[in-house]
Amino acid sequence: MKLTAEIKKEIQNAQEKQLKNILKLLSGSDRKALTAFLQSGQAPGSKAFKNLKPNVQKGILKLNMTNIEIMIKRTRNPITRWRYKIARFSYKSLLKGTKKELKKTKKKK
């Protein structure tokens, strides 16, 4: 599916806003890990993703969720929308898993 310039711009603006909010919440080492992961082009759920701290994982998943929400809103093809909805569901389940890990690490401290 080709993305129009308008959709690309909307996705970029939404992700920039989301990234600014995420970077405010992260420490220096977490910021470096986040930027390194984003520049590497790895996908959420990969081995490199699972090695990251839960806060960084949560930030990456939120970035991808904003992208998917925009694509669901802008796509008219029902099959493609269905694919994006499945992706949203899988990212939400990954996000729930990172929230559980955050709770475990807080209890250990």
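Going by our numbering, the first residue of the sequence shown is number 33, and it counts up by one from there.
Even glycine gets a Cβ: it sits at the ideal position worked out from N, Cα and C.
In summary, N99 is buried, with 16 or more beta-carbon neighbours lying within 10 Å of its beta-carbon over all protein chains present.
Rounded to whole angstroms, the separation of the alpha carbons of I104 and R115 is 9 Å. Taking 8 Å as the cut-off, the Cβ atoms of L51 and L93 do not count as close.
Between L66 and G91, the beta carbon gap of about 6 Å places them in contact (Cβ cut-off 8 Å).
Inclusion of T130 and Q71 in the CB contact set at 8 Å is not warranted, their separation being larger than that value. Counting only residues of its own chain and dropping the five nearest sequence neighbours on each side, L57 has a CB closer than 8 Å to the CB of N87, G91.
Judged by their CB atoms, I102 and A46 are nearer to each other than the 8 Å cut-off. Secondary structure of T107 (DSSP, three-state): coil. Annotation for L84: A65, F69 place their beta carbon closer than 7 Å to its own, counting only its chain and skipping 5 residues before and after.
Within the same chain, L126 come within 7 Å of G77 by CB-CB distance, once the 5 residues on both sides are set aside.
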